[in-house]
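J.: Residue numbers are given in my numbering: position 116 of the sequence shown equals residue 111, and the series is strictly consecutive.
Each residue gets a CB set at the ideal place from its N, CA and C atoms; glycine is no exception.
Got a structure for you, questions after.
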Amino acid sequence: MKKIRMAIVGVGYVGRNFLKVLEQRNFPLDPDAFAMFDIRTGEKKDFMGREYIIQELKEDSFDRGFDIALFGVEGNVSEKFAPIAAAKGCVAVDNSSFFRLDEDVPLVVPEVNPEDAFKHKGIIANPNCSTIQAVVALYPLYVKYGIKRIVFSTYQAVSGAGMNGIADLERTLKGEPAAYFPHQIAGNCIPHIDAFTEDGYTKEELKMINETRKIMRAPDLKITATAVRVPVYVGHSECVNAELGGPFEMSELVETLKAAPGVVVKNDFARGEYPMPLDCAGTDEVYVGRIRRDFSADNGVNLWVVADNARKGAATNAVQIAELLAGRM
-4 MKKIRMAIVG VGYVGRNFLK VLEQRNFPLD PDAFAMFDIR TGEKKDFMGR
46 EYIIQELKED SFDRGFDIAL FGVEGNVSEK FAPIAAAKGC VAVDNSSFFR
96 LDEDVPLVVP EVNPEDAFKH KGIIANPNCS TIQAVVALYP LYVKYGIKRI
146 VFSTYQAVSG AGMNGIADLE RTLKGEPAAY FPHQIAGNCI PHIDAFTEDG
196 YTKEELKMIN ETRKIMRAPD LKITATAVRV PVYVGHSECV NAELGGPFEM
246 SELVETLKAA PGVVVKNDFA RGEYPMPLDC AGTDEVYVGR IRRDFSADNG
296 VNLWVVADNA RKGAATNAVQ IAELLAGRM
């Protein structure tokens, strides 16, 4: 396989996880054609046995012939620099929300729609962290049974807001006032992630709804969502309620999930085994448990879905996209 010339754009919370995942997955990187860019410059980072200096992100940063750039920056930075990278022949894999619903930009979860990665025009969008784990769990059921309606209820870790979210939990645990979240997060649950829209949904909830439809190629799928921030450091948890398209045997449904790529089933009621954020931190899989019928709806099922939001929900998914691309370069 060709050694890939890669750039990392943004070396904050997501960017540092890019580095960790690339190294752990032994990505086929060309160490002589690797660079890190950020607004903050001059800091040194050890990576794959070498020391690199973070360079200033500028319009000519992509003139060096990179194959792939992983973007872990805010949407306004991606808006400006991802098209510049693409124009220079570098595929930008962007973790921000800016391009996700752009009709010309594929939105990719490798376990669900890997072929879409090759329909890019220079930019590929990495979905929202809560969306990624949900569709990894739901897609095999959608393929086998069809799905009529989904209800998402999420319980999202503070690291989903990056270092600011982690700092706010630390701050409020000490009894200090919140500086980032709208309310104290320590000992609390905040049903408010991202800005509210006129219809009472938050942008985070609408992301889950619209991104799920796009990834699963189901534009008319009925979905609703409630997103809640909880005082957990790492790992998003979700209660996923789905009304399937037809009858199902529970044993068959569980086996379908067990056979699905990227899914680990932890569903032993007798032993009290089910996924929890503490158990999933630092891993790349999507964990599913508490699998049971929803007796209030025809062909309804409840799933409890947990994943490390910084890894599968961000860095790992982006690196998996880069692996797909590298396989054809």
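Thinking C-alpha only, which one of 223, 247 and 206 is nearest residue 177?
T.: The count along the sequence shown starts at 1 and reaches residue 177 at position 182. The shortest Cα separation from residue 177 among 223, 247 and 206 belongs to 223.
J.: Check whether the region 27 to 40 touches the region 289 to 308, taking contact to mean three or more Cβ pairs, one atom from each stretch, closer than 8 Å.
T.: no
J.: Where residue 255 and residue 132 are concerned, what is the direct C-alpha to C-alpha distance, given to the nearest angstrom?
T.: Residue numbering aside, residue 255 sits at position 260 when the sequence shown is read from its first letter. Residue numbering aside, residue 132 sits at position 137 when the sequence shown is read from its first letter. Straight-line Cα distance between these residues: approximately 8 Å.
J.: Please confirm whether residue 234 and residue 148 have their CB atoms less than 8 Å apart.
T.: Locating residue 234 in the sequence shown gives position 239, where the first residue counts as 1. Locating residue 148 in the sequence shown gives position 153, where the first residue counts as 1. Taking 8 Å as the Cβ cut-off, residue 234 and residue 148 qualify as a contacting pair.
J.: With distances taken between CB atoms, is the gap from residue 57 to residue 0 smaller than 8 Å?
T.: Residue numbering aside, residue 57 sits at position 62 when the sequence shown is read from its first letter. Residue numbering aside, residue 0 sits at position 5 when the sequence shown is read from its first letter. No; because the gap between Cβ atoms is not below 8 Å, this pair is not in contact.
J.: Would residue 202 be called buried (16 or more neighbouring beta carbons within 10 Å of its own) or exposed?
T.: In the sequence shown, counting from the first residue as 1, residue 202 sits at position 207. Residue 202 should be labelled buried.
J.: Short check: CB of residue 211 to CB of residue 134, under 8 Å?
T.: Residue mapping note: residue 211 aligns to position 216 of the sequence shown, counting from 1. Residue mapping note: residue 134 aligns to position 139 of the sequence shown, counting from 1. It is a contact, given that the beta carbons lie within the stated cut-off.
J.: Going by CA-CA distance only, name the one from 84, 81, 107 and 118 that's closest to residue 96.
T.: Working through the sequence shown from its first residue, we reach residue 96 at position 101. That would be 118, whose Cα lies nearest to the Cα of residue 96.
J.: Which ranges does the alpha helix (DSSP H) cover as unbroken runs of at least 4 residues, wholly within the region 153 to 227, from first to last along the chain?
T.: Taken in chain order, the unbroken stretches of alpha helix (DSSP H) that lie wholly in the region 153 to 227 and span 4 residues or more are 157 to 168 and 198 to 210.
J.: So, are the CB atoms of residue 317 and residue 102 less than 8 Å apart?
T.: Within the sequence shown, numbered from 1, the residue matching residue 317 stands at position 322. Within the sequence shown, numbered from 1, the residue matching residue 102 stands at position 107. Going by C-beta atoms, residue 317 is not nearer than 8 Å to residue 102.
J.: Out of 71, 6, 145 and 264, state which residue places its alpha-carbon closest to the alpha-carbon of residue 293.
T.: Against the sequence shown, residue 293 aligns to sequence position 298. Closest by alpha carbon: 145.
J.: I'd like to confirm the pairing. Which residues does DSSP put opposite residue 65 in its beta bridges?
T.: Numbered from its first residue, the sequence shown carries residue 65 at position 70. Answer is 3 and 88, bridged to residue 65.
J.: Quick one: is residue 247 buried, meaning 16 or more other Cβ sit within 10 Å of its Cβ, or exposed?
T.: Position 252 of the sequence shown, counting from 1, holds the residue named residue 247. Residue 247 is exposed by the Cβ-count criterion.
J.: Could you name the residues of the same chain whose beta carbon sits closer than 6 Å to that of residue 49, not counting the 5 residues immediately before and after it, in chain order?
T.: Walking along the sequence shown from the start, residue 49 turns up at place 54. So the qualifying residues of the chain are 6, 31, 33, 36 and 38.
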